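A.B. asks: In our numbering, the protein residues as written are 502 to 1001.
Every residue gets a Cβ at the ideal spot worked out from N, C-alpha and C, and that includes glycine.
Note that the coordinates shown come from a computational prediction; the quantities given were computed from them, not determined experimentally.
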Ligand code: NAD
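Spelled out as structure tokens, the structure:
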């Protein structure tokens, strides 16, 4: 097994052109059984890890250039978390892929049964542009850990990163383990016509629908990691300065272009004024007098997204508490907090996905819960309250992909917590063990010795004692007392033995 595959001859295009996509080679690797071996999986997880570690500087350059991320932020949210994810999978591979024994019903004993996790086959991973490295590497790591081979489709809106991934992957993986296809709508549409064994998609709900429709043609299972409006509730029982810092950090990291960023805040009236003051103070503390000159504030990915955000800001109504400045030439949008926005304005209808934070005032948590449940289930829900009854009301009264009390965004980094959406925010989940489970087929296996043939109890004819015993033992709703079952079982067995 090549530890550092250098099989791409010079002059060979790095990215697999669509017409050269060799799904047969990828599928044969899995059907041959070679990828069932944990050594195979470790070797390729190791290769993925080395790809990120050995080329971190180039990867960070691409992330800074494509998305306008601050360099250290790109390390924290892209290269570091990717390697953490790989390390978790390597550390627990044996445990997470082990078969699980289950007990047999009395009638089917003796024998044994277990669930074994099998590789699914070829997994297509389609990535978005906002965390274009991490959201490719983490699902790919899960796919490899589960013994699958992969096709990676990076986002065309992070073109340098996509080209770099296209160049590096063939250096670390043979073409029967991983292939990269780059391109936009046209290329992805063509790729989706092929039959995969699983599709792992991260992106918008609009494209999620397109992917699921294409998958339906082949009855291919999908994981959809989508977005939506993730709400944040705040009341006056918490330390509002700390709450404000955590909200501001979660919102303005990557200039608000984060699927689990707090989309908007619902604050109770007694907390409103102080929260607004603290939010403004936190923006000032993090990004200085003029955020435009801060090295720690990212930019908007492209002109189209910038124009969309400026229009959302313009039509929001309400008052600007802090920020509001923008410059298309620099793809700059100041970290902006808005108070009293119009609940009917476009900014409260679509996912904001940028550095604008509307703060709406609610009478109490019940009103907030009503507003949350009147929309599609969010990807994340954040609750800042120290009151047990308020926390319980959110826990019972709402549904969301994930939930955090007292924090925003960082639940994504707990690799032991499955990450995913529900309803319009997605289906399926991943990270750590959840990735292995999601990207494996769970095969149920029964092993039943042929002798003695205890299954005779199920064979006709059901005459005499056998008929009566089986009839009595399988009567629906009958109390299953072990002593009675044993007595009846022994009687049935005696009848079978007597008959030979
Ligand atoms: P997108 O849906 O526009 O694009 C995602 C991928 O789909 C890209 O690779 C793109 O090439 C491909 N694509 C686009 N149009 C297509 C089409 N018509 N047919 C086939 N493929 C197509 O998403 P985006 O703008 O890159 O990312 C932003 C969205 O992703 C936001 O909604 C955000 O909330 C969501 N997101 C979710 C998560 C998560 O983990 N749940 C993470 C990041 C982003």
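Are the CB atoms of residue 564 and residue 662 within a distance shorter than 9 Å?
C.D. replies: yes
A.B. asks: Using only CA atoms, which one of 553, 957, 597 lies nearest to residue 583?
C.D. replies: Selected option, being the one with the closest Cα: 553.
A.B. asks: Just the C-alpha distance for residue 756 and residue 575, rounded to the nearest angstrom, thanks.
C.D. replies: Roughly 12 Å between the two C-alpha positions.
A.B. asks: Looking at the structure shown, is residue 903 part of a helix, part of a strand, or coil, going by DSSP?
C.D. replies: strand
A.B. asks: Please classify residue 620: does DSSP put it in a helix, a strand, or coil?
C.D. replies: strand
A.B. asks: Relative to the ligand NAD, is the shortest distance from any of its heavy atoms to the C-beta of residue 500 smaller than 8 Å?
C.D. replies: In the structure as shown, the chain begins at 502 and stops at 1001. Residue 500 is therefore absent and cannot be evaluated.
A.B. asks: Suppose you measure from the CA of residue 509 to the CA of residue 732; what does that come to, to the nearest Å?
C.D. replies: Since pLDDT at residue 509 reaches only 38, below the 50 mark, its modelled position is unreliable, and the value read off the structure follows with that caveat. C-alpha separation (whole angstroms): 47 Å.
A.B. asks: Measure the Cβ-Cβ separation of residue 654 and residue 623 and say whether it is below 9 Å.
C.D. replies: no
A.B. asks: What three-state label does DSSP hand residue 647 in the structure shown?
C.D. replies: In the structure shown, residue 647 sits in coil (DSSP, three-state: anything other than H, G, I, E or B).
A.B. asks: Taking C-alpha atoms, which residue in 805, 740, 890, 730 lies nearest to residue 850?
C.D. replies: 730
A.B. asks: Going by DSSP in three states, residue 699 sits in which element: helix, strand or coil?
C.D. replies: strand
A.B. asks: Can we count residue 627 as close to the ligand MG, meaning its CB is less than 8 Å from some heavy atom?
C.D. replies: Questions concerning the ligand MG fall outside what the structure shown contains, since the ligands it does hold are the ligand NAD.
A.B. asks: Quick check on the DSSP output: the beta strand (DSSP E) that includes residue 867 runs from which residue to which?
C.D. replies: Careful: residue 867 lies outside any beta strand (DSSP E), inside the alpha helix (DSSP H) at 866-874.
A.B. asks: Kindly give me the distance between the Cβ atoms of residue 931 and residue 643, rounded to whole angstroms, as I take these residues to be in contact under 8 Å.
C.D. replies: 5 Å
A.B. asks: Any idea if residue 926 is buried or exposed, counting beta-carbon neighbours within 10 angstroms, 16 or more meaning buried?
C.D. replies: buried
A.B. asks: Which whole runs of the alpha helix (DSSP H) in the segment 678-760 are 4 residues long or more, in chain order?
C.D. replies: 686-692, 706-718, 741-753
A.B. asks: Straight-line CA distance for residue 684 to residue 627?
C.D. replies: Answer to the nearest angstrom: the Cα atoms are 11 Å apart.
A.B. asks: Using a Cβ-Cβ cutoff of less than 7 Å, which residues in the same chain neighbour residue 940 once the five nearest sequence positions on both sides are dropped?
C.D. replies: 621, 624, 643, 644, 647, 649, 699
A.B. asks: Are the segment 838-847 and the segment 786-797 touching, with three or more C-beta to C-beta distances below 8 Å?
C.D. replies: no
A.B. asks: Relative to the C-alpha of residue 924, which candidate in 896, 877, 947, 881 has its C-alpha closest?
C.D. replies: 877
A.B. asks: Near residue 635, what residues of its chain come up, given a Cβ to Cβ distance below 6 Å and the 5 sequence neighbours on each side ignored?
C.D. replies: 579, 582, 583
A.B. asks: Could you tell me whether any non-hydrogen atom of the ligand NAD is closer than 8 Å to the CB of residue 631?
C.D. replies: yes
A.B. asks: From 972, 759, 865, 707, pick the residue whose C-alpha is nearest to that of residue 633; which is it?
C.D. replies: 759
A.B. asks: For residue 601, which residues does DSSP report across the bridge?
C.D. replies: In DSSP, residue 601 forms a bridge with 616.
A.B. asks: Note down the Cα distance separating residue 747 from residue 908, rounded to an integer number of angstroms.
C.D. replies: 6 Å
A.B. asks: Might you give, ordered along the chain, the residues of its own chain that have their beta carbon closer than 8 Å to the beta carbon of residue 571, omitting 5 neighbours on each side?
C.D. replies: 565, 796, 797, 798, 799
A.B. asks: Consider the C-beta atom of residue 711 and the heavy atoms of the ligand NAD; say whether any pair is separated by less than 8 Å.
C.D. replies: Under cutoff, so the answer is yes.
A.B. asks: Just the C-alpha distance for residue 659 and residue 948, rounded to the nearest angstrom, thanks.
C.D. replies: Rounded to the nearest whole angstrom, the CA to CA distance from residue 659 to residue 948 is 50 Å.
A.B. asks: Would you please state the rounded distance, in angstroms, between the beta carbons of residue 762 and residue 910? I believe it to be under 8 Å.
C.D. replies: 7 Å
A.B. asks: I believe residue 611 touches residue 950 by the beta-carbon criterion, under 8 Å. Please report the beta-carbon distance rounded to the nearest angstrom.
C.D. replies: 6 Å
A.B. asks: Which parts of the segment 821-864 are runs of the beta strand (DSSP E), unbroken and 3 residues or longer, counting only runs that do not cross its ends?
C.D. replies: 837-840, 857-863
A.B. asks: Could you check which residue in 883, 901, 528, 857 has the C-alpha nearest to that of residue 875?
C.D. replies: 901
A.B. asks: CB residue 726 to CB residue 929, shorter than 9 Å?
C.D. replies: yes
A.B. asks: If you check the beta carbons only, do residue 768 and residue 776 fall under 9 Å apart?
C.D. replies: yes
A.B. asks: Using a Cβ-Cβ cutoff of less than 6 Å, which residues in the same chain neighbour residue 807 once the five nearest sequence positions on both sides are dropped?
C.D. replies: 801, 829, 832
A.B. asks: Around the C-beta of residue 505, are 16 or more other C-beta atoms found within 10 angstroms, so that it is buried, or is it exposed?
C.D. replies: With a pLDDT of only 44 at residue 505, under the threshold of 50, the placement of this residue in the model should not be trusted, and no figure is reported.
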